[in-house]
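Student:
In mature numbering (1 follows the signal peptide of the UniProt record, and there is no 0), the protein residues as written are -17 to -1, 1 to 295.
#1: Quick check on the burial criterion: 16 or more other C-beta atoms within 10 angstroms. Buried or exposed for residue 13?
#2: I need the DSSP call for residue 87, collapsed to helix, strand or coil.
#3: Excluding the 5 residues flanking residue 48 on each side, which residues of the same chain have their C-beta closer than 7 Å to its C-beta?
#4: Taking the Cβ atom as the reference point for each residue, do residue 112 and residue 196 lie within a distance shorter than 8 Å?
#5: Is the separation between the beta-carbon of residue 203 and that of residue 180 shorter than 8 Å?
#6: Pick out whichever of 70, 52, 2, 34 has its Cα sitting closest to the Cα of residue 243.
#7: Leaving aside the five residues before and after residue 125 along the sequence, list all residues of the same chain whose C-beta is less than 7 Å from its C-beta, in chain order.
#8: Does the Cβ of residue 228 have 16 or more other Cβ atoms within 10 Å, making it buried, or fewer, making it exposed?
#9: Who are the near neighbours of residue 110 in its chain, counting only those whose CB is closer than 6 Å to its CB and skipping five residues on each side?
#10: Would you mind reading off the limits of the beta strand (DSSP E) that contains residue 174?
#11: On the three-state DSSP scale, how would you describe residue 224?
#12: Among residues of its own chain, excluding the 5 on either side of residue 135, which ones have a beta-carbon nearer than 7 Å to its beta-carbon?
#13: Is it right to say residue 271 is buried, meaning 16 or more other beta carbons lie within 10 angstroms of its own, or is it exposed?
#14: How would you write the range of the alpha helix (DSSP H) that residue 68 sits in, first residue to last?
#15: In this structure, does DSSP put residue 110 in helix, strand or coil?
#16: Rounded to the nearest angstrom, how far is the Cβ of residue 55 from that of residue 89, given a contact under 8 Å?
#17: Of all the options 63, 67, 38, 212, which has the alpha carbon lying nearest to the alpha carbon of residue 284?
#18: Decide if residue 218 is buried, meaning its Cβ has at least 16 other Cβ atoms within 10 Å, or exposed.
#19: Inspect the beta-carbon positions of residue 225 and residue 142 and report whether they are closer than 8 Å.
#20: Is DSSP giving residue -12 helix, strand or coil here?
#21: Counting pairs of Cβ atoms below 8 Å between the segment 246 to 254 and the segment 33 to 51, do you hit three or more?
#22: Counting along the chain, where does the alpha helix (DSSP H) carrying residue 234 start and finish?
#23: Can you tell me where the alpha helix (DSSP H) with residue 15 in it begins and where it stops?
#24: Which same chain residues, not among the five before or five after residue 259, have their C-beta less than 8 Å away from its C-beta?
#25: Would you identify the three-state DSSP class for residue 214, choosing helix, strand or coil?
#26: What number of angstroms, rounded off, separates the C-alpha of residue 268 from the C-alpha of residue 274?
#27: Tell me whether residue 73 sits in a helix, a strand or coil according to DSSP, three-state version.
#28: For residue 51, which residues does DSSP report across the bridge?
#29: Give me the residue from 76, 53, 32 with the minimum Cα distance to residue 61.
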């Protein structure tokens, strides 16, 4: 009885103190906690998603250097789509603080469409949160929610980014199909300049109690000490890059969210935007043709993950 009371008091104390680490994904256990998707890309990408065995044997994944490496084939022509990796966490989350320490990412290259995101079952009914995403030579990060009907951004203030669309419903009238509600960062170090600074930290808070989803980014030299010490306190971080904090019932629209890393090519975003990207269009008339025939262009198309932690 006494031990039960003490345990309860400990939990209360931790709750009052703030977030406590719930799951840690690092080189010692990373790929054991993710499942590999090796089916046809639902976004029509020119990609060949491979299994864990193939990814390992072909050098597309590695944990031997003290960090997690996830890459793509950059030595062979790829007539059937460029071999790449898409992984989904085995665990799912309804709330908490997801902190990714990312040193390198595979974006800013013609043909690429990388994403670090979270998604619930039966899309879009349980929601999608795009934390880091972009296509081709895009300069700044795109942060987006995709939902069923009845979810909108209620305010264009309270965050550092620029709102591009305000209705999170994937079939919202007056918006492109599956545009969702989007906020674009204004800092190039969140995307095109990310790797030159050795990346940084993305922190995403899913807070149903306060009906909010917020995303922060900190460059490598500006990571708060409370994050590095393992005692994150979002109330001390200042304005987030994106905040979806009114006009949507978060608990209703975001459930059982799994964490996803992927790198696809061309498809419904990078492919569709190819002709409007002057840098990429000058290289080839076709995104697919460029990705197929220029393997060396993707030498730097890889993720380097130092750690991923979920706090609750």
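Where a beta carbon is used, it is the ideal one built from N, C-alpha and C, also for glycine.
Tutor: Let me spell this out:
#1: Flag for residue 13 reads buried.
#2: In the displayed model, residue 87 falls within a strand according to three-state DSSP.
#3: none
#4: Their beta carbons are under 8 Å apart, which means residue 112 touches residue 196 by this criterion.
#5: yes
#6: 70
#7: Sequence-distant partners of residue 125 (beyond 5 residues in either direction) whose C-beta falls short of 7 Å from its own C-beta, in its chain, are 113, 116, 117, 165, 167.
#8: Buried, by the Cβ-count rule.
#9: 103, 130, 236, 237
#10: From DSSP, residue 174 is part of no beta strand (DSSP E); its letter is neither H nor E.
#11: It is coil, neither helix nor strand.
#12: Closer than 7 Å at the Cβ level, and outside the excluded window around residue 135, lie 149, 150, 151, 164, 230, 231.
#13: buried
#14: Careful: residue 68 lies outside any alpha helix (DSSP H) and carries neither H nor E.
#15: coil
#16: Residue 55 to residue 89, Cβ: 7 Å. Contact.
#17: Residue 67 is the option with its Cα nearest to residue 284.
#18: exposed
#19: yes
#20: Caution applies to residue -12, whose pLDDT of 42 falls short of 50 and renders its modelled position unreliable; the model cannot decide the point.
#21: no
#22: Residue 234: member of the alpha helix (DSSP H) spanning 233 to 236, first to last residue.
#23: No alpha helix (DSSP H) holds residue 15; DSSP gives it neither H nor E.
#24: none
#25: coil
#26: 11 Å
#27: strand
#28: 288
#29: 32
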